[in-house]
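To keep things clear, I will list the structure first and then write my remarks on it.
Chains as they are written, first to last, in the numbering used here: chain A, -5 to 90; chain B, 112 to 230.
Here it is as structure tokens:
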């Protein structure tokens, strides 16, 4: 039963991981090309969400629970990035 | 049996999320300006991150040999809920700032927000 599940897990990762890696490559193209600042921030958003999902998938693949915490941190960090960049774009200062 | 059902439900959600993520990435490349790309990015955030995280949570519940699998499943679900709240707020804030600071060059047919601000 357990060995069967391990085989299934490898199969699912074999199908799923290339999709996410291809998406990361395309988002990186937009990150490097992005003509304006909001485009770049949007690409960083999507990259970080992808990275959060990929860390969770690696948690299952390598069977270690230590990769779980950075995923939550990434989700919250990206929200902070959005808010501070937007505040800078509107008011031209970050503090207060 | 219940483990197999949980595992395959989660695996389906994970792979469907990967397909949506790839579609969103193609949209990010192909769409013409920032406000249209925002649509692709939001697909990439909800269908490409929240759905696969829920799927990974179910997969972790269905794999008995992962150490501390309940912790992994719970953390994955919490990340999914955080993303569900945070990503629409973040993209809305970004769209507001881009419009307010006029940093995106575009030629709209109708811009009701601009007309309202001019009044």
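Positions of the beta carbon are idealized from the N, C-alpha and C atoms, including for glycine. Keep in mind the model is a prediction, meaning the values are calculated, not measured.
Checklist entry - So, are the CB atoms of residue 6 of chain A and residue 131 of chain B less than 8 Å apart? => result Looking up residue 6 of chain A in the first chain gives position 12. Looking up residue 131 of chain B in the second chain gives position 20. No; because the gap between Cβ atoms is not below 8 Å, this pair is not in contact.
Item to check | chain B contact residues for residue 43 of chain A, given Cβ-Cβ distances below 8 Å | outcome: In the first chain, residue 43 of chain A corresponds to position 49, counting from 1. In chain order: 155, 156, 159, 160, 194, 198.
Item to check | Within chain A, partners of residue 222 of chain B - CB distance below 8 Å | outcome: Taking the second chain and counting its residues from 1, the one referred to as residue 222 of chain B is at position 111. None at all; the shortest Cβ gap to chain A is about 16 Å.
Checklist entry - Does residue 38 of chain A come within less than 8 Å of chain B when only Cβ atoms are used? => result For the purposes of this step, residue 38 of chain A is identified with residue 44 of the first chain, where counting begins at 1. No, its Cβ sits nowhere closer than 8 Å to a Cβ of chain B.
Item to check | Burial state of residue 162 of chain B (16 or more Cβ within 10 Å) | outcome: Walking along the second chain from the start, residue 162 of chain B turns up at place 51. Residue 162 of chain B should be labelled buried.
Item to check | Residues near residue 195 of chain B in its chain [Cβ-Cβ closer than 8 Å; skip 5 each side] | outcome: Numbered from its first residue, the second chain carries residue 195 of chain B at position 84. Closer than 8 Å at the Cβ level, and outside the excluded window around residue 195 of chain B, lie 157, 161.
Next on the checklist: Does residue 142 of chain B come out as helix, strand or coil in the three-state DSSP assignment?
Outcome noted: Working through the second chain from its first residue, we reach residue 142 of chain B at position 31. Judged by DSSP in its simplified three-state form, residue 142 of chain B adopts coil rather than helix or strand.
Item to check | Close-in-space but distant-in-sequence residues of the same chain around residue 25 of chain A (CB under 8 Å, 5 per side omitted) | outcome: Start at 1 with the first residue of the first chain, and residue 25 of chain A comes out as number 31. Counting only Cβ-Cβ distances below 8 Å, and skipping sequence neighbours, we find 34, 37, 38, 41.
Next on the checklist: Measuring only the C-alpha atoms, how far is residue 67 of chain A from residue 49 of chain A?
Outcome noted: By 1-based counting over the first chain, the position of residue 67 of chain A is 73. By 1-based counting over the first chain, the position of residue 49 of chain A is 55. Using only the alpha carbons, I get a separation of about 12 Å.
Item to check | Member of B:229, B:206, B:173 whose CA lies at the smallest distance from the CA of residue 77 of chain A | outcome: Residue 77 of chain A sits at position 83 when you count from the first residue of the first chain. Nearest neighbour of residue 77 of chain A by Cα position, chosen from B:229, B:206, B:173, turns out to be B:206.
Item to check | Member of A:57, A:32, A:0 whose CA lies at the smallest distance from the CA of residue 210 of chain B | outcome: Locating residue 210 of chain B in the second chain gives position 99, counting from the first residue. That would be A:32, whose Cα lies nearest to the Cα of residue 210 of chain B.
Checklist entry - Between residue 10 of chain A and the rest of its own chain, which residues show a CB-CB distance below 8 Å, the 5 nearest in sequence each way excluded? => result Stepping through the first chain from its first residue, residue 10 of chain A is reached at position 16. Contacts found: 51.
Item to check | Where residue 44 of chain A falls, given that 16 or more other Cβ within 10 Å makes a residue buried | outcome: Indexing the first chain from 1 puts residue 44 of chain A at position 50. Buried, by the Cβ-count rule.
Checklist entry - Does any residue of chain B bring its CB to less than 8 Å from the CB of residue 64 of chain A? => result As a first step, residue 64 of chain A is located in the first chain; it is residue number 70 there, counting from the start. So, not an interface residue.
Next on the checklist: Under 8 Å, with one C-beta from each stretch per pair, do the segment 177 to 196 of chain B and the segment 56 to 63 of chain A reach the 3-pair mark?
Outcome noted: Touching, per the Cβ criterion.
Next on the checklist: Between the alpha carbons of residue 219 of chain B and residue 149 of chain B, how many angstroms are there, rounded?
Outcome noted: Counted from its first residue, the second chain places residue 219 of chain B at position 108. Counted from its first residue, the second chain places residue 149 of chain B at position 38. One alpha carbon belongs to residue 219 of chain B, the other to residue 149 of chain B, and they sit about 15 Å apart.
Item to check | When A:74, A:18, A:22, A:30 are compared against residue 47 of chain A, the one with the closest alpha-carbon | outcome: In the first chain, the residue the question calls residue 47 of chain A occupies position 53. Closest option to residue 47 of chain A, Cα to Cα, is A:18.
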